[in-house]
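Data block below; observations after.
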Amino acid sequence: MSRKRSLYNFLIGGLLLALLVGCGSGSDESPEVNFTRLDCPAVASHTSYTEPYFDVLTDPHAYRERYLATDLNAQDEAPEVNFETHRVVVLHAGVKSSSGHSIDVINIEDRGEKLQVNYREGEPQTCGADGALTYPYCFIAIEASDTPVEFSGEVVNSCD
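Be aware that the sequence shown starts at 1, since it is given in UniProt numbering, and climbs by one per residue.
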C-alpha cells in the first residue's frame with residue numbers, strides 16, 4: 001500500500017508542478033516604465049487651463065510655459081528636467097467645483113507600440129469639501145523616446 005501511495009503522490013506532485021509551470025509562463029502583464037513625479041498630485045487655485053488635457057512635452061520651452069501657466073499663483077520655477085534624456089507627461093483634470101479633487105499617475109505600462117499612462121482621479125464622493133474652484137494637475141518625467149503615449153484613467157473616492 002505504501003508503494004501505491006508513493007506512486008500516487010509522485011503523479012499528483014508532477015501534475016501540480018506541470019500546472020504551476022504552465023500557468024506562470026503566459027503572463028499578460030506589460031512591463032512597467034519608470035517615472036519621476038515632478039509636481040504631483042498638485043492643485044492650483046488659479047490657472048490658465050480650465051479644460052482637462054493630457055500632453056507629452058519634449059522641449060524645455062514648452063514645458064516651462066505649460067508649468068508656469070498651470071498654477072499662476074506659484075512662486076517656484078519649474079522642476080529641472082534634462083530633455084536630452086527625458087520628456088514630460090502632463091495630466092490636468094480641468095476645473096473642479098470643490099477641494100478634495102486630485103489626479104495622480106498609478107503606473108506606466110510599456111505595451112510595445114505605445115506607453116499607457118494609468119492614472120487615478122480622486123473626487124470627494126462621500127465627504128465634505130470646500131466649495132472653492134480647484135484645478136488638479138500632475139507633471140511627471142519619463143525616459144525620452146518616440147513611443148506614443150496613451151492615457152487610461154479611473155475615478156475613485158478621495159474620502160477613503
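The beta carbon of each residue, even a glycine, is placed where N, CA and C say it ideally should be. Computed from a predicted structure; not experimentally measured.
Going by DSSP, which residues form a beta bridge with residue i?
i: Ile108; result: Val117
i: Leu68; result: Paired residues: none, contrary to the question.
i: Val89; result: Val56 and Ile140
i: Gly100; result: Its beta-bridge partners do not exist; DSSP assigns none.
i: Ser152; result: Asn118
i: Asp76; result: According to DSSP, Asp76 bridges with nothing at all.
i: Thr36; result: Ala141
Let me know if residue i comes out buried or exposed under the rule of 16 or more other beta-carbons within 10 Å of its beta-carbon.
i: residue 171; result: Residue 171 lies beyond the residue range present for the chain, which begins at 1 and ends at 160; the question has no answer from this structure.
i: His61; result: exposed
i: Thr58; result: exposed
i: Glu106; result: It is Ile, not Glu, that sits at residue 106 in the sequence shown. Ile106 should be labelled exposed.
i: Cys127; result: exposed
i: Ala69; result: exposed
i: Ser158; result: buried
i: Pro41; result: buried
i: Ala44; result: buried
i: Thr85; result: exposed
i: Leu19; result: At Leu19, the pLDDT of 43 sits below 50, so the modelled position is not reliable; the number obtained from the coordinates is stated separately. Exposed: under 16 other Cβ atoms inside 10 Å.
Helix, strand or coil for residue i per DSSP?
i: Thr134; result: strand
i: Ser145; result: coil
i: Ala44; result: strand
i: Ser30; result: coil
- Message: Using 8 Å as the cut-off, can you tell me whether the region 62-82 makes contact with the region 106-117, which would need three or more C-beta pairs spanning the two stretches below that distance?
- Response: They do not touch, by the three-pair rule.
- Item | Inter-stretch contact (C-beta, 8 Å, three-pair minimum) for the region 89-100 and the region 118-126 | Flag = yes, the region 89-100 and the region 118-126 touch.
- Query: Any contact of the region 76-83 with the region 47-55, i.e. 3+ C-beta pairs under 8 Å?
  - Reply: These segments do not touch.
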